[in-house]
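Chains as they are written, first to last, in this note's numbering: chain S, 1 to 700; chain L, 701 to 1400.
Number of protein chains: 2
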Amino acid sequence: MLDELLYPDSVAIVGASNTPGKVGYAVLKNLMDGGYQGKIFPVNPGSPVILGVPAFKDLKSLPQKIALSVIAVPTAAVKGAVFDSVSAGAKAIIVITAGFKETGHEGAELETLIANHCKASGVRLLGPNCLGAINTHHKLNVSFARQTPIEGSISVISQSGALCTAILDWAESRKLGIGKMLSIGNKADLNEIDLLKTLQKDEKTKVIVCYLESIDSGKDFIRAAEEASAVKPVVVLKAGTSAAGVKAASSHTGSLAGADTAYGAAFKRSGVVRAKTFEALFDCAIALDMQPLPNGRRIAVITNAGGPGIMAADALENSGMLVAKLTDKTAEELKSKLPPAASVGNPIDVLGDADPDRYVLALKTAEADEAVDGILVILTPQAMTRPAETAQAVAKCVKEGITKPVLVSFMGGTEVMPGRNELTIARIPDYTAPERAVSALKAMCEYSEWRRRPPRMVTRFPVNSTRVQRVLARHLKTGRMQVGEVQAKEMLRAYGFNVPDGRLAVTLNDALEIAERVGYPVALKISSPDIIHKSDIGGVKLNLTTADMVRDAFELMMMRIPQKAPEARIEGVYVEKMAKKGLEVILGMNRDPQFGPMLMFGLGGIFVEVMKDVAFHLAPITADEAMQMLTATRSYQLLKGARGQSGVNLSAIADGLQRISQLATEFPQVAELDINPFMVGEAGQDAVVADTRITLREVK
Amino acid sequence: MLDELLYPDSVAIVGASNTPGKVGYAVLKNLMDGGYQGKIFPVNPGSPVILGVPAFKDLKSLPQKIALSVIAVPTAAVKGAVFDSVSAGAKAIIVITAGFKETGHEGAELETLIANHCKASGVRLLGPNCLGAINTHHKLNVSFARQTPIEGSISVISQSGALCTAILDWAESRKLGIGKMLSIGNKADLNEIDLLKTLQKDEKTKVIVCYLESIDSGKDFIRAAEEASAVKPVVVLKAGTSAAGVKAASSHTGSLAGADTAYGAAFKRSGVVRAKTFEALFDCAIALDMQPLPNGRRIAVITNAGGPGIMAADALENSGMLVAKLTDKTAEELKSKLPPAASVGNPIDVLGDADPDRYVLALKTAEADEAVDGILVILTPQAMTRPAETAQAVAKCVKEGITKPVLVSFMGGTEVMPGRNELTIARIPDYTAPERAVSALKAMCEYSEWRRRPPRMVTRFPVNSTRVQRVLARHLKTGRMQVGEVQAKEMLRAYGFNVPDGRLAVTLNDALEIAERVGYPVALKISSPDIIHKSDIGGVKLNLTTADMVRDAFELMMMRIPQKAPEARIEGVYVEKMAKKGLEVILGMNRDPQFGPMLMFGLGGIFVEVMKDVAFHLAPITADEAMQMLTATRSYQLLKGARGQSGVNLSAIADGLQRISQLATEFPQVAELDINPFMVGEAGQDAVVADTRITLREVK
């Protein structure tokens, strides 16, 4: 639980200062003003009293051991302060000072030195180059933020200290509480994973909000995020999703961001609620913090204005949510109690002169309707509208008997603000526009669906690992990282893939015999460890239907290729039965440096390269997840059969993805693998590997 | 200019009331409190004095003719009030009262009666069922809104009165001025088109904001919007973009919304800035109101915090804007003047302790850099940050010498609010998050590009109209709305399309002769006015390469089809040279009830039906616009040549779209037209109509 950091009984502020504007002044003042109950030890060689508190000239002079040391001295003095803090008994240290890894090589070395000393001493380190930490549950504010938030249950992990200041300022203006706020800075020791684990166990934290620019260890992050998400929502804004953003991020923190698709796959796997914008981060967080999760996507909209009701309906439908179809009972109930001009469909229009009672009536009716999973309440400040009273009435009604999530959009500014604040205090999330409430509802639904997902069971297929091992060993021993088609197909056959029948022919007679045995039509492909792009030099002949054609093709290859590639060692010609025609799909795997093996699926050719219609998933993958990869593509319409055509063998594709997943998991030496095309026939028919490309890597 | 409505010298408030909460009270109070300089005549049979002003028992008792009459009496009394207002000399009438078209048939009749009387008397009518009107330029507030806005240059046309109240409340909280605000209600007379025209001419309106649920006349709207957009930006939120939204809209105002794709095409044509959400509406409007238009998409970001800078870079790149590549001169200039830790790339990081001077320095440097088209300034409230002073310094700097658009995001709440208000007053648009500023910048760029577009020149091709006329006449006379393939191809040939050579054969000998003449391979297609889906009953045979095959196909058709479709009149068999293979694309046209002929383009088959990769444009279309339709699809990558394959004849497709555009424009009887597939070869080669379908309609 990192109690030494978050619940210390004594704090030293090294570099505490009497001068407003100095960081050491701000930190001490925040700690004192926040009502911290433990002991405070300002440390500064020049001032015997700071902000009215007796100060100490150095850490050695402290009268007792300290729990937490917060360091805000110039960069050059940080090392000494860290070592002294350790000696003074600190179990946790926060280095606020900047000037380390982010400035270059020298700074990075200094940072490592400090971190290593802490590690060797069993001391946890937050920072350097951070805003500090806040824990309202312990009245602890050891940051140089301008504000101390009120107590709340949303906790924040941020790789940008400045963003914390914006969050605190916004939270203050919206009367919103914060639990813990941890600025992780350069992450010399404590990083997002440590803090995720801590906040997962923290009973006072209901939602974890993260702003991240980089993730230190992808696999650990996934495990930590998945475990945390199983208990409480984790909402993440990952900055650096574009090339320009990645560039800006690496110049900012000196850390390299991974590929955005891999982050997307990692977040999806681990149940992380992904926010795409700064506003979405807290739009989602407050909804998840304040309201129960919906059991489905059907939303009832209650509004005193037609226009915003339409906007809400548009936003629901356009984002894949549902405008609930209210039951007849609901419509009758509303009809009997609302004025005749009211609309009793959905949106439920309680009319411009709606008083708080009408809102309450509509709320209760929507609660009772089993076709409704969540409720969106919209208010515009019309002449007769009483925003504050309506807010109170809605809050009371929700508190007393609404079990479904209720989100609110009080649209406007000055007039609705008192109502908005009432709602926040009553833990009903409020949004300036209906579209934002809908986005939050969608995030709630997706998280709820993740929580209700079936247990993950990865199928383990019986395979012939020894054969794969043999191929790999042969290649790696000689440093050949590109596996030839013949061997690559052998590997896939060992993992249960259908591979066209074929064999290597050294002589023409071999070739003719093999062709006869596997059956026409056949393909001939030159086999050489030195030739990668076989077709570029005439090394591939397809659809040979007769022995004569095989003869011509074989002899042409044997004559021409040694001329075109005189250096190449020719092993012979691979004679293979032509794969049956089918729909061409691509199955792929490559390894993300952060998150490990990532599977790819797409409809062949143009769909992948031009339409970018592909789906990704991290390995290992379950049968369900493999099927989800198919349905996630737009081309799924085609796979399952469109325009009156019958669909293809979907389970053969899902099966193939799972087998690649297993191969990638069991053989880390396989760096990249593509099956392109994978020929898929109609349901019930086999799918065949028509061509494949496997690249290896050294694994220590 | 609708001066009678917006600049009246006298106003009667019919239904004025002393009772707070009554609409007639609110309207009179708004008018009086707003500082209106003209004469005010409250009318109410029961009260001789209202709000301290002498009142009149009816309109007949007024001492003088009035200019504007505002009616807020019960529905049943509205008709009398309107007639009396006309008699009292009113040149404009606002009916605030509801209970008309939106309630059903009876209400609609009453509304028509009132509107007709106004029209016959030369009186303009706003409403009924509206909030009223505000014109801050005349200190006129004849609405029952709770607030009177300060004077500004953004004017609003809204089909939702409630939304006006939310806008006013928001504008008040952000110190934002409004020019005119017109709630159009049921649009019995004055509609969005009239008001667009009025606001276009209004010199005090710099930006027109519209909230619309329906548009009355598509073509008039396009013309009015295009003319207005040529002078000032028109920002539109069109609600009812989804099926659910359309349903909600029609139950709200009783008006039917058109297809969203048609609205999209109409807005694009007419330069309308389309806002997709309520917040985007004013995000765009304030940027366009306050700042000059950018000349390009290259944006410099200035920030005191790395994280938000990355968010801005992500948002720019992900939305198709550009993170400006600053010149070396700029980098050197910044390097020499900013602290060493500052990042002098883009985003320009002026660091967490940045004072106002650093912001000004960075602003001036970005202004001087010719590689920058617009500037985004970000501030987070860190310990040393002075938001208000920074806002002032930025405002002063912008006023004194920045010619490029400057948008600002002061992130936070309480602490940054004074700065945000300074910025609004200085006419520098400010956003709560960088992503929203980027969306506004994008809207500015797109509008700027529209303003700088080349003049529209629609090519008029020489065509054989007489032939088309003949085909149409023949069909319409007999009520056959489906044009058979043979005649449809004749129409297209008359409009300059390449159609495969072919003729109708009545006997087998005819068929063999024609096949011989046009050359093998040929296709045979049954010709009957009664058979639409020819291939379903074996009426199509393709790729016949020999006389024997033609004989077999002909005789089979003649035997089988009369069995399968005994009622069908068989005219013969169409014998046609097979179209050369090529890339299959679809060219289409249908008529939107609102906006008229709309052209469609997409890559054939699956790309249109599964991937929905299509582009629309309203006819008539220019060569430029036709080419834009191609580039707007994702499949354009394929058309222009991908994966080392050469591209296709793009101009043949653009040409085809223009010819369909001309046909649709010249022959309103053509309801729908599809060329599917249109076979396109490589650049320089002809494109051919392989199949087509034309549907006609009666035109009065």
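Where is the CB? At the ideal position from N, CA and C, for every residue including glycine.
The structure presented is a predicted model; accordingly, all values stated were derived computationally and were not measured.
Where residue 911 of chain L meets chain S, residues with beta-carbon distance less than 8 angstroms: 307
Pairwise C-alpha distance: residue 168 of chain S and residue 429 of chain S: 17 angstroms
Residue-chain proximity (residue 634 of chain S, chain L), Cβ-Cβ < 8 angstroms: yes
Residue 1394 of chain L versus L:1183, L:1198 and L:1321, residue with shortest Cα-Cα distance: L:1183
Start-end ranges of the alpha helix (DSSP H) lying completely within the region 256-294 of chain S, minimum 4 residues: 260-269 and 278-290
Residue(s) in a DSSP beta bridge with residue 13 of chain S: S:42 and S:70
Beta-carbon proximity check, residue 154 of chain S vs residue 285 of chain S, cutoff 8 angstroms: yes
Distance CB(residue 610 of chain S)-CB(residue 873 of chain L) smaller than 8 angstroms: no
Residues, ordered as in the chain, of the region 105-124 of chain S that lie near chain L by beta-carbon distance below 8 angstroms: none
Minimum Cβ-Cβ distance from residue 1086 of chain L to chain S less than 8 angstroms: no
Contact set between the region 1108-1120 of chain L and chain S, restricted to residues whose Cβ is under 8 angstroms from the partner: 1111, 1112, 1113, 1114, 1115, 1116 and 1117
Buried or exposed by the 16-neighbour rule on C-beta atoms within 10 Å, applied to residue 150 of chain S: exposed
Coarse secondary structure for residue 640 of chain S, derived from DSSP in three states: coil
Neighbour flag for residue 1286 of chain L against chain S, beta carbons, 8 angstroms: no
Span of the alpha helix (DSSP H), counted from its first residue to its last, around residue 1110 of chain L: Not the alpha helix (DSSP H): residue 1110 of chain L falls in the beta strand (DSSP E), residues 1106-1110.
Chain S contact for residue 1338 of chain L (CB, 8 angstroms cutoff): yes
Where residue 954 of chain L falls: helix, strand or coil (DSSP): Summary for residue 954 of chain L: the model assigns pLDDT 41, below 50, so the residue's position carries little reliability, and this model does not support an answer.
Inter-residue spacing [alpha-carbon to alpha-carbon] between residue 56 of chain S and residue 36 of chain S: 19 angstroms
Contact with chain S by residue 1244 of chain L, beta-carbon distance below 8 angstroms: no
Short CB-CB distance (under 8 angstroms) between residue 380 of chain S and chain L: yes
Neighbour flag for residue 1023 of chain L against chain S, beta carbons, 8 angstroms: yes
Chain-ordered neighbours of residue 332 of chain S on chain L, where CB pairs are closer than 9 angstroms: Near residue 332 of chain S there are no residues of chain L at all, since even the closest Cβ is about 17 angstroms away, more than 9 angstroms.
Beta-ladder partner(s) of residue 132 of chain S, from DSSP: S:143
Test: residue 170 of chain S CB closer than 8 angstroms to a CB of chain L: yes
Near-chain L residues of the region 7-37 of chain S (beta-carbon distance less than 8 angstroms), N- to C-terminal order: 21, 23 and 26
Residue 686 of chain L versus residue 888 of chain L - alpha carbon distance: There is simply no residue 686 of chain L to check, as chain L begins at 701 and stops at 1400 in what is shown.
Rounded C-alpha distance that separates residue 1233 of chain L from residue 920 of chain L: 38 angstroms
Host alpha helix (DSSP H) of residue 309 of chain S (start-end): 306-318
Residue 1203 of chain L - partner residues in DSSP beta bridges: L:1275
C-beta neighbour in chain S for residue 1018 of chain L, strict 8 angstroms: yes
Same chain only: Cβ atoms within 6 angstroms of residue 152 of chain S, ignoring 5 sequence neighbours per side: 177, 178 and 179
Exposure label - residue 567 of chain S; buried when at least 16 CB within 10 Å: exposed
7 angstroms Cβ shell around residue 227 of chain S - same chain, five flanking residues per side excluded: 200
Burial state of residue 715 of chain L (16 or more Cβ within 10 Å): buried
Cβ-based contacts, 9 angstroms cut-off: residues of the region 882-898 of chain L near chain S: none
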